[in-house]
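In this note's numbering, the protein residues as written are 139 to 603.
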């Protein structure tokens, strides 16, 4: 980020500690080994003065070429780039070492310079946001999103760690071999309550982007909503559902039928038997008491979604799952914001998938995004199961995703459905085609369409129409 400079090289109104900067540069001149300590935490633009930025960069250039850094070599390097006068000449370089011990300790000075640089960056982000807000030419959410993105970038850079000893990694990950054994037998993430799926994935893990993709009418929305319901109702999870295709009311009807195990057609017609009414009342109560939140804003942008998800986490003290239905209906920027324009839709979808992965990492939650598949699978021979290549027309989704699941139901391609039994019609495959931290395989479930419900094969719920 550019430093705001005046004719003297620095705006006196910005946070800085010039003496700490001079001490670091002087220490490197006296003991070149000090550069390694400084370089671990500081970059050139962490220095407030333009002259100090130039000096620090040329020191780094010399050391990268395995050359010594002293008054002579440094002044020669600065002169080669026609910068020697801009930094104050040889006399200023010599003044950097005045009053310093032969081997000065710079740890505290590095902390001071880094802290002042962070304050300057925060001021720059806020100043930009104020200017854009005052201009009033952009939607407020776009200005907010840009400010949040800037703050997130600064935050990530300020807390990024260096090399960590292995014992710390072990302590933070699983602690002991006994704990590792226990984890291998448990669902360590958010349970879906589809037992074989949980066994293969250990649940949905924090910070992961999970893609559920299928051709239309395969049950993508039903499967994802079932996962959200199970998490919210059975595990008291806080769940955010961004439904870009269906309204809140339509989604509620689906969820109610699914939760109550009542034929959704009865909800549409109003012909509800007394026993179904009792089930619906209980299901509605379960849903109302859960912390499941729905937003049905059409064409929602990444900035809007991030802002709403962050606010939900703040209001509830936590956020356990974000679901997006579906990815291709999102926009990378607000349509009226005058933001970045993409050459084609594939580039924009790539930006969206990268943004969803960043959202998962930022909020430390699993993000489940539904995605349409290309028609490639339908043009294949007898085996029409989807492949990862069917996603490639959708930008970088495959690359960004930690887990990619496909839904495949053979009944979809059977031209003689009347000859199939209800059990065969219900057979569904959840194909785990990619899992960054686990195996790939196929999980078998039943899809009972009248309930818009996926279920474990051994659950024994009625499938007859």
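Cβ atoms here follow ideal geometry from the backbone N, Cα and C, with glycine treated the same way.
Buried versus exposed, by CB contacts within 10 Å (16 or more), residue i
| i | result |
| --- | --- |
| residue 364 | buried |
| residue 268 | exposed |
| residue 303 | exposed |
| residue 186 | buried |
| residue 409 | exposed |
| residue 524 | buried |
| residue 348 | buried |
| residue 172 | buried |
| residue 464 | buried |
| residue 341 | buried |
| residue 591 | buried |
| residue 368 | buried |
| residue 209 | exposed |
| residue 248 | buried |
Unbroken alpha helix (DSSP H) run spanning residue i, endpoints
| i | result |
| --- | --- |
| residue 423 | 412-427 |
| residue 497 | 483-501 |
| residue 197 | 188-202 |
| residue 213 | 209-218 |
| residue 442 | 440-454 |
| residue 538 | 535-538 |
Contacts around residue i, its chain only, beta-carbon distance under 7 Å, and the 5 residues preceding and following it disregarded
| i | result |
| --- | --- |
| residue 257 | 153 |
| residue 417 | 398, 399 and 400 |
| residue 335 | 568 and 581 |
| residue 587 | none |
| residue 226 | 189 |
| residue 593 | 583, 584, 586 and 599 |
Reduced DSSP secondary structure (H/G/I, E/B, other) of residue i
| i | result |
| --- | --- |
| residue 543 | strand |
| residue 510 | strand |
| residue 243 | coil |
| residue 435 | coil |
| residue 559 | coil |
| residue 459 | strand |
| residue 476 | Residue confidence for residue 476 is low, a pLDDT of 43 falling below 50, so the modelled location carries little weight; the figure read from the coordinates is stated next. In the structure shown, residue 476 sits in coil (DSSP, three-state: anything other than H, G, I, E or B). |
| residue 579 | strand |
| residue 170 | coil |
| residue 568 | strand |
| residue 372 | helix |
| residue 394 | helix |
| residue 388 | helix |
| residue 465 | helix |
| residue 155 | coil |
| residue 400 | coil |
| residue 109 | An answer regarding residue 109 cannot be provided, because it is not within the stretch 139 to 603 covered by the chain. |
| residue 163 | helix |
| residue 289 | helix |
| residue 526 | helix |
Neighbourhood of residue i by C-beta, 8 Å cutoff - its chain only, sequence neighbours within 5 removed
| i | result |
| --- | --- |
| residue 169 | 240, 241 and 242 |
| residue 492 | 534 and 538 |
Enclosing beta strand (DSSP E) for residue i [first to last residue]
| i | result |
| --- | --- |
| residue 591 | 591-593 |
| residue 381 | 376-381 |
Spatial neighbours of residue i in its chain, beta-carbon cut-off 6 Å, leaving aside the 5 residues before and after
| i | result |
| --- | --- |
| residue 159 | 185, 190 and 251 |
| residue 473 | Low local confidence applies: a pLDDT of 46 at residue 473 is under 50, so the model's placement there is unreliable, with the coordinate-based value given in what follows. So no residue of the chain qualifies. |
| residue 131 | Any question about residue 131 goes unanswered here, given that the chain covers just 139 to 603. |
| residue 462 | 380 and 507 |
| residue 551 | 522 |
Segments assigned beta strand (DSSP E), at least 3 residues, entirely inside the region 325-365:
Secondary structure in the region 325-365: the beta strand (DSSP E) runs of 3 residues or longer, each lying completely within the stretch, are 347-352 in chain order.
Restricting to runs no shorter than 3 residues, where is the beta strand (DSSP E) found entirely within the region 221-287?
As for any beta strand (DSSP E) of minimum length 3 sitting wholly inside the region 221-287, there is none.
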